[in-house]
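Have a look at the structure below before the remarks.
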Amino acid sequence: MNAWLQKLHETFIESGYLDFMFEGLKNTVLITLGALAIGIVIGSLIAIIKYFAEDTPALKPAAVVCDVYVTVIRGIPVVVLLLIFFFVIMTAADGIPVAIITFGINSGAYMAELIRSGLGAVDKGQLEAARSLGMSKTQAMRKVIFPQAIRYILPAIGNEMIALLKETSVAGYVAVVDLTRAGNLVRNNTHDAFNPLMVVALTYLLIVVLLSRLLKILERRLKRNDKR
Amino acid sequence: MISVKGLVKKFGDLEVLRGIDAEINKGDVICVIGPSGSGKSTFLRCLNLLEKPDGGHIIFEGDDLTSKKIDLNAHRQKIGMVFQQFNLFPHMTVLDNLTCAPIMLKKIPKAEAEAKAIDLLSRVGLADRAGSYPGKLSGGQKQRVAICRALCMEPDVMLFDEPTSALDPEMVGEVLEVMKALAKAGMTMVVVTHEMGFAREVSNRVLFLDEGVIMEEGTPEDIFDAPKCERLRSFLSKVL
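Each protein sequence line maps, in turn, to chains A and B. Numbered per my numbering, the first sequence spans residues 7 to 234. Numbered per my numbering, the second sequence spans residues 29 to 268.
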């Protein structure tokens, strides 16, 4: 026990790698949140286009573009996307912005599907009632459909966030020092494999457990506010 | 007020409406009857273009609603609609259900819209439920609120799509009473219904739809007491 604590102290404190690990954690959180924001924007846009394209011929071409986007993105491993963005498309940019954009674009394709199914879960009669009163599609969406869809969408976005957090662990491929890469570098430099990797694993686990807890609370709230 | 000219509607290969002509004048209370699948709901939903017609024209107050250039949303404000499934907004209180469209679309001050809403609700005996959510109301109450929601926009005509078909039998009466009062007050109404008693008593004209065409049209006396076509006679013998 003492020997292990000694080792832990050597690996993280004496060498000063603890700050390095925190730096990695910071980048992981930054990439996750940035990608989440981009993903929500792209996902909402696609979901709304596809929701209305069903009965609006003018939106059909846009819907086809969205389908292609979703198919392409979902069909390519995120590591490959990351490499393509870093080495081919955004060659002048740093790893972190590239990672944020890549994970955002990737996540957008998945979010599109879950936001769309949230919108689809709201009864069609709601849209008809709003339109019959004279609301435009945008007004009906904002005032009637979205406020009802949000209780289906929010929990799904929470799950997507958990998946996203773990996916960002491959950001090291493009020279980003995220939590995983930081741990791996410490392992490499200290000849202590066990402790750095355990710290990395437990940190992810802790965040995921916390997020899941928050999600549960959120879901319970949404249910309680449901006055139907 | 509304003239329907050569209205055609298809769902895929199925031709639901096969050329309908009808004239709806100010103050008319028109009941549309017919067997299920005859196209009567589709006909009604074409009047405010919830269903896009595949042919023909809907002329509302001089404007062709099927024209691409028309501001459909502005015209829909003047065409109230009541649905079989009520379609109240479950995330809003009864009061907000009534006032959200007038405030958003007609820019009516909140206080004024709310006063108008309360007035309408008290006329249907529901002023005390203004703060409730639709989920707490009975079916009959929901439909009365839905009628008020449409009226709150001060429409020129009201469309009713089987407004009592989803109600428990004991609640049908309270909704029909509200509709009767509305008709008496001079509202122009088009009602798709299975309530033959209501059609006979309240309407001034009845359209009998079958197989996507108006098979017979006339006053309630013509339709119910002296039906001409065989289809109508057999339909009436089943429902009366």
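Ideal Cβ placement from N, Cα and C applies to all residues, glycine included.
Q. Would B/CYS257 be called buried (16 or more neighbouring beta carbons within 10 Å of its own) or exposed?
A. Here residue 257 of chain B refers to the residue found at position 229 of the second sequence. Around the beta carbon of B/CYS257, fewer than 16 other beta carbons lie within 10 angstroms, which makes this residue exposed.
(Q) Are the CB atoms of A/LEU185 and A/VAL206 within a distance shorter than 7 Å? (A) Here residue 206 of chain A refers to the residue found at position 200 when the first sequence is read from its first residue. Here residue 185 of chain A refers to the residue found at position 179 when the first sequence is read from its first residue. The Cβ atoms of A/VAL206 and A/LEU185 sit closer than 7 Å to each other.
(Q) How far does the beta strand (DSSP E) with A/MET7 in it extend, from its first residue to its last? (A) One-based indexing of the first sequence puts residue 7 of chain A at position 1. Counting along the chain, A/MET7 sits inside no beta strand (DSSP E), nor does DSSP assign it H or E at all.
(Q) Strictly below 9 Å CB to CB, what residues from chain A border B/CYS176? (A) For the purposes of this step, residue 176 of chain B is taken as the residue at position 148 of the second sequence. Taking the beta carbon of B/CYS176 as reference, no residue of chain A falls within 9 Å; the closest one sits roughly 12 Å away.
Q. Would B/ARG151 count as contacting chain A if we go by Cβ distances under 7 Å?
A. One-based indexing of the second sequence puts residue 151 of chain B at position 123. With its beta carbon at least 7 Å from every one in chain A, B/ARG151 lies outside the interface.
(Q) Using the three-state DSSP reduction, which class does B/LEU42 fall into: helix, strand or coil? (A) Numbered from its first residue, the second sequence carries residue 42 of chain B at position 14. DSSP places B/LEU42 in strand when its eight states are reduced to three.
Q. How about A/LEU224: is its C-beta nearer than 7 Å to some C-beta of chain B?
A. As a working mapping, residue 224 of chain A is identified with position 218 in the first sequence. Chain B, which has no Cβ nearer than 7 Å to the Cβ of A/LEU224, makes this no.
Q. Within the chosen definition, does the segment 215-228 of chain A reach the segment 166-181 of chain A through at least 3 CB pairs nearer than 8 Å?
A. Of all C-beta pairs linking the segment 215-228 of chain A to the segment 166-181 of chain A, three or more are shorter than 8 Å, placing the two stretches in contact.
Q) Below 7 Å between beta carbons: does that hold for A/VAL150 and A/ALA127? A) Taking the first residue of the first sequence as position 1, residue 150 of chain A is located at position 144. Taking the first residue of the first sequence as position 1, residue 127 of chain A is located at position 121. No; because the gap between Cβ atoms is not below 7 Å, this pair is not in contact.
Q: Run down chain B in chain order and give the residues with a C-beta less than 7 Å from the C-beta of A/ARG227.
A: Counting from 1 along the first sequence, the entry for residue 227 of chain A is found at position 221. Result: empty, since nearest Cβ-Cβ is about 14 Å, beyond 7 Å.
Q. B/LEU133 touches chain A at which residues, Cβ-Cβ below 8 Å?
A. Locating residue 133 of chain B in the second sequence gives position 105, counting from the first residue. What B/LEU133 touches in chain A: LEU139, GLY140, MET141 and GLN145.
Q) If we call anything under 7 Å between Cβ atoms a contact, is A/PHE93 one with A/ALA41? A) As a working mapping, residue 93 of chain A is identified with position 87 in the first sequence. As a working mapping, residue 41 of chain A is identified with position 35 in the first sequence. Cβ distance not < 7 Å, so A/PHE93 and A/ALA41 don't count as in contact.
Q.
Can you check whether the C-beta of A/ASP128 is within less than 7 Å of a C-beta belonging to chain B?
A. In the first sequence, the residue the question calls residue 128 of chain A occupies position 122. A small correction: the amino acid at residue 128 of chain A is Val; Asp does not occupy that position in the sequence shown. No - not a single Cβ of chain B is within 7 Å of the one on A/VAL128.
Q | Min CB distance A/GLN12 to chain B below 7 Å | A | The count along the first sequence starts at 1 and reaches residue 12 of chain A at position 6. Not closer than 7 Å to any Cβ of chain B, the Cβ of A/GLN12 fails to qualify, so no.
**Q.** Limits of the unbroken alpha helix (DSSP H) element including B/VAL219
**A.** Walking along the second sequence from the start, residue 219 of chain B turns up at place 191. Where B/VAL219 is concerned, there is no enclosing alpha helix (DSSP H), although the beta strand (DSSP E) it sits in stretches over 216-220.
Q. At a Cβ cut of 9 Å, what residues of the segment 92-105 of chain B count as close to chain A, listed as they run along the chain?
A. Within the segment 92-105 of chain B, the residues whose Cβ lies closer than 9 Å to some Cβ of chain A are LEU100, ASN101, ALA102, HIS103, ARG104 and GLN105, listed in chain order.
Q) Applying a beta-carbon distance threshold of less than 9 Å, which residues of chain A neighbour B/LEU78? A) The residue you call residue 78 of chain B lines up with position 50 of the second sequence. Contacts between B/LEU78 and chain A, judged by CB atoms closer than 9 Å, involve GLU134, ARG137 and SER138 in chain order.
Q. Chain A partners of B/CYS128, CB-CB under 7 Å?
A. Taking the first residue of the second sequence as position 1, residue 128 of chain B is located at position 100. Those are LYS149, listed as they occur along chain A.
Q) Along chain A, in chain order, which residues have C-beta atoms closer than 8 Å to that of B/MET181? A) Position 153 of the second sequence holds residue 181 of chain B. By Cβ distance, chain A contributes LEU139 and GLY140.
Q) Under a CB-based cut-off of 7 Å, is A/GLY45 close to chain B? A) Numbered from its first residue, the first sequence carries residue 45 of chain A at position 39. With 7 Å as the cut-off, A/GLY45 does not count as an interface residue toward chain B.
Q: Under 6 Å Cβ to Cβ from B/HIS85, same chain only, skipping five residues before and after it: list those, please.
A: Numbered from its first residue, the second sequence carries residue 85 of chain B at position 57. So the qualifying residues of the chain are LYS33, ASP92 and THR94.
Q) Is the CB-CB distance between B/SER265 and B/VAL57 below 7 Å? A) As a working mapping, residue 265 of chain B is identified with position 237 in the second sequence. As a working mapping, residue 57 of chain B is identified with position 29 in the second sequence. Not a contact, by the Cβ cut-off of 7 Å.
Q. Does DSSP put B/LEU93 in a helix, a strand or coil?
A. One-based indexing of the second sequence puts residue 93 of chain B at position 65. If DSSP states are grouped into helix, strand and coil, B/LEU93 belongs with coil.
Q | Proximal residues of chain B, C-beta to C-beta of A/PRO161 below 9 Å | A | What you label residue 161 of chain A is simply residue 155 of the first sequence in a count that begins at 1. For A/PRO161, no chain B residue has a C-beta closer than 9 Å to its own C-beta; the minimum C-beta separation is roughly 17 Å.
Q) Going along chain A in order, which residues have a C-beta closer than 7 Å to the C-beta of B/GLN113? A) Translated into positions along the second sequence, residue 113 of chain B becomes position 85. The contacting residues are GLY131.
Q: Could you spell out where the alpha helix (DSSP H) holding A/ILE156 opens and where it closes?
A: By one-based count along the first sequence, residue 156 of chain A stands at place 150. Looking at the DSSP string, the run of the alpha helix (DSSP H) that includes A/ILE156 is 152-173.
Q) Under three-state DSSP, which class holds B/HIS103? A) For this step, residue 103 of chain B is matched to residue 75 along the second sequence. In this structure, B/HIS103 counts as helix in the three-state DSSP scheme.
Q: Alpha carbon to alpha carbon, how far is A/SER175 from A/THR34? Give it in angstroms, no decimals.
A: Counting from 1 along the first sequence, the entry for residue 34 of chain A is found at position 28. Counting from 1 along the first sequence, the entry for residue 175 of chain A is found at position 169. A/THR34 and A/SER175: Cα-Cα distance of roughly 8 Å.
Q.
Could you tell me the alpha carbon to alpha carbon distance between A/LEU88 and A/GLY178, rounded to whole angstroms?
A. As a working mapping, residue 88 of chain A is identified with position 82 in the first sequence. As a working mapping, residue 178 of chain A is identified with position 172 in the first sequence. It is roughly 10 Å from the alpha-carbon of A/LEU88 to the alpha-carbon of A/GLY178.
Q) Where A/ILE44 and B/GLU223 are concerned, what is the direct C-alpha to C-alpha distance, given to the nearest angstrom? A) Locating residue 44 of chain A in the first sequence gives position 38, where the first residue counts as 1. Locating residue 223 of chain B in the second sequence gives position 195, where the first residue counts as 1. Between A/ILE44 and B/GLU223, the C-alpha separation is close to 54 Å.
Q. Do A/ARG157 and A/LYS56 have their C-beta atoms within less than 7 Å of each other?
A. On the first sequence, residue 157 of chain A is found 151 positions in, with the first residue counted as 1. On the first sequence, residue 56 of chain A is found 50 positions in, with the first residue counted as 1. Not closer than 7 Å, so no.
(Q) I need the boundaries of the beta strand (DSSP E) containing B/GLU244, first residue and last residue. (A) Residue 244 of chain B sits at position 216 when you count from the first residue of the second sequence. That run of the beta strand (DSSP E) goes 241-246.
(Q) What would DSSP say about A/HIS15, mapped onto helix, strand or coil? (A) For the purposes of this step, residue 15 of chain A is taken as residue 9 along the first sequence, with counting starting at 1. Correct three-state label for A/HIS15: helix.
Q.
Run through chain A and tell me which residues come within less than 7 Å of B/MET109, C-beta to C-beta.
A. Taking the second sequence and counting its residues from 1, the one referred to as residue 109 of chain B is at position 81. Counting only Cβ-Cβ distances below 7 Å, B/MET109 has contacts in chain A at SER138, in chain order.
Q) If you drop the 5 nearest sequence neighbours on each side, which residues of the same chain put their C-beta closer than 7 Å to that of B/GLY168? A) Position 140 of the second sequence, counted from the first residue, corresponds to residue 168 of chain B. Around B/GLY168: LEU195, MET199, GLU202 and VAL203.
Q | Per DSSP, cross-strand counterpart(s) of B/MET199 | A | The residue given as residue 199 of chain B occupies position 171 in the second sequence. Beta-bridge pairing links B/MET199 to no other residue.
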